[in-house]
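Numbering (my numbering), first residue to last: 4 to 351.
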């Protein structure tokens with residue numbers, strides 16, 4: 004590896020041969036010290052863990068919930084292999100993005116600007132902005148729906164509240180990168196704990212582990228409509244903005260510029276990405292499994308007050324799940340845990 008590769012800064016030579024420096028995420032760039040590559044494993048691991056956790060929330064946002072719920076309700080465990088495949092694809096892409104940031108010292112946007120023809124800059128920027136807006140829309144609506152379900156706030160006002168609390172979360176940047184990472188870890192832990200309780204603690208749920216294992220390693224799209232839900236799952240997992248974000252976040256670590264330090268950073272960022280996105284896989288799999296346990300084979304359920312709720316392939320599965328989990332599992336805790344996890348997912 005070439006030790007002369009520029010690190011932790013973006014250099015661009017203007018027509019007057021003046022080099023202008025534009026570090027990625029200037030407010031947090033190089034703010035976290037990294038021990039020498041000869042330090043112990045755990046000492047280095049503590050320094051590097053974090054960026055992939057921030058990225059992983061994009062793989063368990065409310066957009067994934069709808070497709071996972073639909074997949075489990077319609078096809079039981081039949082699309083569990085799609086969740087695994089999408090997760091493997093995500094790990095590969097995020098590992099490459101993190102390596103790009105570590106080795107070049109640039110994020111993906113800066114690399115596109117510097118190495119692609121000049122005429123591609125504006126189209127690339129526009130496409131990325133649209134992709135980011137589309138991804139953010141799912142998260143904003145997810146939080147808004149959660150607030151609407153929990154407190155019966157009109158959806159329009161729930162969207163406004165969500166927008167305001169997102170600004171509050173953005174203000175956390177002034178407290179440093181580690182604070183942001185800690186908040187996101189708390190939100191992810193909330194999601195994971197809620198689903199752990201619903202699947203493994205509530206007595207009404209009985210996961211069929213052998214059948215789940217077979218579905219995980221047996222690809223198939225034989226049932227009618229399966230391919231559409233599978234495409235939706237993969238589409239909900241494709242997160243273009245995460246590639247830009249990850250390549251910038253890894254530069255919050257202050258690395259030495261020698262080749263051994265770069266290799267060490269690549270190894271630890273690869274480990275960070277693999278573990279964080281494996282955790283995202285388990286969350287998505289848990290959503291699908293829960294839907295398979297409580298919805299598969301049913302077309303309606305009687306809720307409080309004797310009202311019958313009907314559902315089909317075209318249903319709003321997030322609302323259906325909230326309304327019907329309590330009677331199906333015999334406890335109101337199930338619906339409460341579901342909506343709390345949904346809110347945490349949208350906020351993350």
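Heads up, the beta-carbon is just placed ideally off N, CA and C, and yes, glycines get one too. It should be emphasised that the depicted structure is a prediction, and the values quoted were computed from it without experimental measurement.
Would DSSP call residue 35 helix, strand or coil? strand
Residue environment, residue 341, which counts as buried when at least 16 other CB atoms sit within 10 Å: buried
Name the residue from 313, 272, 159, 345 whose alpha carbon lies nearest to the alpha carbon of residue 37. For the residues 313, 272, 159, 345, the minimum Cα distance to residue 37 belongs to 272.
Residue 312: first and last residue of the uninterrupted beta strand (DSSP E) it sits in: 311-313
Does the separation of the CB atoms of residue 98 and residue 265 fall below 8 Å? no
Which term fits residue 65, buried or exposed, when burial requires 16 or more other beta carbons within 10 angstroms of its beta carbon? buried
I'd like the list of long-range same chain contacts for residue 291, defined as Cβ closer than 8 Å, with 5 residues on each side in sequence excluded. Only 71, 72, 74, 75, 80, 82, 83, 86 meet the Cβ criterion.
Residue 1 lies in the alpha helix (DSSP H); which residues open and close that run? A query on residue 1 cannot be resolved here, the shown segment of the chain reaching from 4 to 351 and no further.
Any alpha helix (DSSP H) of 4 or more consecutive residues that is wholly inside the stretch 137-211: 158-173, 180-199
Apart from the five residues just before and just after residue 48, which ones in its own chain have a Cβ nearer than 8 Å to its Cβ? Here the set comprises 271, 274.
If I follow the unbroken alpha helix (DSSP H) through residue 241, where does it start and stop? Unbroken run through residue 241: none, as it is neither H nor E.
Buried or exposed, going by whether 16 or more other CB atoms sit within 10 Å of the CB of residue 223? exposed
Taking 8 Å as the threshold (C-beta atoms), are residue 102 and residue 269 in contact? Closer than 8 Å, so yes.
Give me the Cβ distance between residue 55 and residue 276, rounded to the nearest whole Å; I'm assuming they're in contact under 8 Å. 4 Å
DSSP three-state label for residue 27, please. Residue state, collapsed to three classes: coil.
Touching or not, the stretch 286-300 and the stretch 138-147, by the rule of three or more beta carbon pairs under 8 Å? Cβ pair count under 8 Å is below three, so no.
Under the three-state reduction of DSSP, which class applies to residue 17: helix, strand or coil? Confidence at residue 17 is low in this model, with a pLDDT of 38, below 50, so its placement is unreliable and the value that follows should be read with caution. Residue 17 falls in the coil class under three-state DSSP.
Closer than 8 Å by C-beta to residue 176: which residues in its own chain qualify, once you throw out the five before and the five after it? Chain order, please. 30, 31, 183
Run through DSSP, which three-state label would residue 322 get? helix
Can you check which of these residues, 267, 233, 247, is closest to residue 43 by C-alpha distance? Selected option, being the one with the closest Cα: 267.
By Cβ distance below 7 Å, which residues in the same chain neighbour residue 214 in space, the five residues on each side in sequence not counted? These residues qualify, in order along the chain: 80.
Could you check the C-alpha separation between residue 27 and residue 39 for me, to the nearest Å? 23 Å
Could you tell me if residue 240 is buried or exposed, where buried requires 16 or more neighbouring beta carbons within 10 angstroms of its beta carbon? buried
Can you confirm whether the stretch 147-155 touches the stretch 242-253 when touching is taken to mean that 3 or more C-beta pairs between the two stretches lie within less than 8 Å? no
Could you name the residues of the same chain whose beta carbon sits closer than 7 Å to that of residue 200, not counting the 5 residues immediately before and after it, in chain order? Closer than 7 Å at the Cβ level, and outside the excluded window around residue 200, lie 340.
Considering only the alpha carbon of each residue, which of 121, 34, 90 lies closest to residue 287? 90
Using 8 Å for Cβ pairs, my map puts residue 316 next to residue 228. What's the rounded Cβ distance? Correct: roughly 6 Å between the Cβ atoms.
Taking residue 194 and residue 92 to be in contact with their CB atoms under 8 Å, please state how far apart those CB atoms are, rounded to whole angstroms. So it is not a contact: roughly 21 Å between Cβ atoms.
Just the C-alpha distance for residue 230 and residue 67, rounded to the nearest angstrom, thanks. 16 Å
If contacts are defined as beta-carbon pairs under 8 Å, then residue 35 and residue 257 qualify, I think. What distance do you get, rounded to the angstrom? 6 Å
Assign residue 235 to buried or exposed, taking buried as 16 or more other Cβ atoms, counted over all protein chains shown, within 10 Å of its Cβ. buried
With distances taken between CB atoms, is the gap from residue 88 to residue 100 smaller than 8 Å? Not closer than 8 Å, so no.
Give me the DSSP bridge partner(s) of residue 305. 311
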